[in-house]
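Take a look at the structure below.
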Amino acid sequence: MTIVACLGVGRIGGEVAYVSALRKFADELVLFDISEPLQHAQKLDITHGIDIPVSTNPRDLKDADYCIFSAGYSRSPKIRTRADLFDKNLPIAKESAELLKGFSGKLIVVTNPMDVFTWYFAKQSCLDESQVVGFGGLLDSRRFTVALKALGIEAEGQVLGEHGEHQVPLFSALDIDIPDSVREEILTGLRGSSMPVIKGKAGTVFGPAYHIVSMMERIEKGERITCSLPADGAYGIEGCALGLPAVVTRSGAKIDESLTFDPWEQEKLLEAAAFLQGLCRRV
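Letter by letter, the sequence shown follows residues 3 to 285 of the numbering used here.
In structure tokens, the structure reads:
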């Protein structure tokens with residue numbers, strides 16, 4: 003039996019709860035939000051569609067196998083980057099850490115800036131580092147795949163680095179040479195890929211929710227995924243969490259250090275690390 007908890011049940015948390023139940027990944031749900039009317043509404047909406055036990059008692063968070071941290075403020079057209087949410091969401095992350103005392107499952111960090119809060123929960127909260135993994139790489143990689151397809155390139159994209167302005171699409175893994183000028187053009191598009199959705203319907207929902215549930219399913223199987231983890235020396239990077247390839251299980255994660263990067267990618271990855279190191283020092 004698998005219990006999925008959502009800490010913050012707005013657009014992303016509520017949809018993850020529903021999709022995890024719909025795909026029969028979750029056998030029970032725990033929903034918690036600072037807004038009790040929203041929390042109650044999400045419970046009703048889910049149970050009107052699917053027969054699944056749903057708790058709204060925060061004490062039940064500790065019994066969950068997976069907890070999705072999606073509480074906090076999200077981007078709007080006025081908020082240019084995910085990193086701009088740091089000051090508003092850091093107090094929420096710290097309050098949420100208090101609610102997670104006694105939790106022994108896997109925490110999936112979604113709230114932005116996601117990489118920074120992955121570092122916070124892994125290094126400075128009550129949780130063990132092995133319990134924490136950040137979401138973003140699977141979604142960014144899918145957006146890269148879509149961008150490549152628009153250029154007539156059929157390939158599975160992979161994106162490392164920050165879930166934000168300093169993401170690093172891996173072009174060297176493709177069978178076709180992409181000049182730096184085209185790489186920069188594609189990267190610019192990836193940086194702004196969520197904004198049309200945000201402008202059109204106030205926030206992304208379906209893409210993130212699908213890939214978060216997919217991430218949990220792949221963790222259960224011990225598959226290699228792109229996710230945010232404290233680098234702790236991998237690829238020569240210290241002092242931050244960022245998107246890296248790793249085999250993740252419920253008990254921990256092993257970063258895959260077998261990748262090689264071309265000069266463009268190496269430069270971008272180090273830029274991402276330097277940017278995130280600055281933010282991680284502030285938590």
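Using N, Cα and C, we set each Cβ at its ideal position, and we do this for glycine too.
The bridge partners DSSP lists for V11 come to none. The C-beta distance from A255 to R226 rounds to 10 Å, too long to fall under 8 Å, and the pair is not in contact.
Here L278 is near L244, since their CB atoms are less than 7 Å apart.
Ranked by Cα distance from T147, the options Q169, S260, T4, Q160 are led by Q160. Here the C-alpha atom of C229 lies approximately 31 Å from the C-alpha atom of T49. From the listed residues K151, K125, C69, F137, the smallest Cα separation to C242 is found for K125. Inclusion of V11 and L31 in the CB contact set at 7 Å is not warranted, their separation being larger than that value. Distances from the CA of S195 to each of A95, R82, G238 were compared; the closest alpha carbon is that of R82.
Inclusion of V215 and R25 in the CB contact set at 7 Å is warranted, their separation being smaller than that value. Exclusion of the five residues before and after E131 leaves A124 as the residues of its chain whose Cβ lies within less than 6 Å of its Cβ.
Excluding sequence positions up to five before and after T120, its CB lies within less than 8 Å of the CB of V111, V134, V135, G136, S230, L231, P232, A243, all in the same chain and listed in chain order.
DSSP links Y68 through a beta bridge to V6, K108. The alpha helix (DSSP H) runs lying completely inside the segment 200-230 and spanning 4 residues or more are 208-223, given in chain order.
DSSP places A175 in the coil class of the three-state scheme, outside both helix and strand. For F34, there is no enclosing alpha helix (DSSP H); the residue is part of the beta strand (DSSP E) that begins and ends at 30-34. Taking the Cα positions, P60 is about 12 Å away from G104.
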